[in-house]
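Residue numbers (this note's numbering): 694 to 944. All residues carry an ideal CB built from backbone N, CA and C; glycine is no exception. Worksheet: one structure, shown below.
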């Protein structure tokens, strides 16, 4: 039994030892919202997972009954200790698998997200340990997200950066595989250093240090987190900007 206090409301819940695959998918989404400093609400979960409100409401109730989350009077969701442990675990495994598939097996980084989705739920502690050893000192997945929770570096959307600013690409917030294909084709990748050489309401172009021009639509630029100098004011993009597939980005 777990007591969790959110905004003055104490919720007593029964904690289970093992989450189902469906529950893990929701816990993963909730962790992503928390990591991105977005409100952990049913509405944002529905946007992120592209599911109907009734479907999400039912699963949120199940997560609460099973002791993984609790909700305050304002309906904002918070993790219980058990819920946070499960969420961090599935996210860590997902990002570790992506890095292993890319660095060790040589699979292109725009093709590993869906594979990791399938493998993350059945990964044993022994396999996880072996994969960690195999990736060496890598700290992020190939899309730039930290493997270990709590080590995320703050960034700003590429779409906000002014022409002439220098940038370093941190991560791709949207890991929909079709959008990752588009980003790879553009030449952008986490770790790339360059300069914003053109920006408009339609497109953003980053010229890399080696002279390559990487152009994406302005709305795709909303999903690319960068460090910029000079930097625009910090801003958190909304879930509908970050998690839907490329059809919403002028493709």
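Classify residue i as buried or exposed, calling it buried when 16 or more other Cβ atoms lie within 10 Å of its own Cβ.
i, result
"residue 799", "exposed"
"residue 893", "exposed"
"residue 703", "Caution applies to residue 703, whose pLDDT of 41 falls short of 50 and renders its modelled position unreliable; the model cannot decide the point."
"residue 905", "exposed"
"residue 803", "buried"
"residue 897", "buried"
"residue 926", "exposed"
"residue 844", "exposed"
"residue 883", "buried"
Among the options, whose alpha-carbon lies nearest the alpha-carbon of residue i?
i, options, result
"residue 873", "844, 843, 853 and 917", "917"
"residue 852", "910, 732 and 914", "914"
"residue 775", "821, 808, 717 and 871", "717"
"residue 749", "802, 731, 722 and 809", "722"
"residue 789", "814, 743 and 930", "814"
"residue 727", "771, 808, 877 and 884", "771"
"residue 912", "715, 834, 895 and 737", "895"
"residue 758", "712, 832 and 809", "712"
Tell me which residue opens and which closes the alpha helix (DSSP H) that residue i is part of.
i, result
"residue 918", "Run containing residue 918: none in the alpha helix (DSSP H); it sits in the beta strand (DSSP E), 917 to 922."
"residue 713", "From DSSP, residue 713 is part of no alpha helix (DSSP H); its letter is neither H nor E."
"residue 752", "746 to 758"
"residue 879", "870 to 879"
"residue 818", "818 to 827"
"residue 928", "First-last for residue 928: undefined, no H or E at that position."
May I ask whether a heavy atom of the ligand ZN can be found less than 8 angstroms away from the beta carbon of residue i?
i, result
"residue 789", "The model on display carries no ligand, and the ligand ZN is accordingly not part of it."
Could you check where the beta strand (DSSP E) with residue i kicks off and where it finishes?
i, result
"residue 906", "906 to 910"
"residue 741", "Where residue 741 is concerned, there is no enclosing beta strand (DSSP E), although the alpha helix (DSSP H) it sits in stretches over 735 to 742."
"residue 863", "859 to 865"
"residue 848", "Taken as a continuous stretch (DSSP letters only), residue 848 belongs to no beta strand (DSSP E), as it is neither H nor E."
"residue 771", "770 to 772"
"residue 764", "762 to 764"
Could you tell me which residues DSSP puts in a beta bridge with residue i?
i, result
"residue 887", "860 and 901"
"residue 795", "Answer is none; residue 795 lacks a bridge partner."
"residue 839", "833"
"residue 892", "897"
Tell me, please, whether the region 813 to 831 touches the region 873 to 890 by the rule of three or more beta-carbon pairs shorter than 8 angstroms.
-> No: the two stretches stay apart, fewer than three of their Cβ pairs being nearer than 8 angstroms.
Is it true that the region 793 to 813 meets the region 739 to 753, where meeting means three or more beta-carbon pairs spaced less than 8 angstroms apart?
-> Segment contact: the region 793 to 813 against the region 739 to 753, fewer than three CB-CB distances shorter than 8 angstroms; contact not assigned.
Is the region 856 to 867 touching the region 918 to 929, taking contact as three or more C-beta pairs under 8 angstroms?
-> The region 856 to 867 is in contact with the region 918 to 929.
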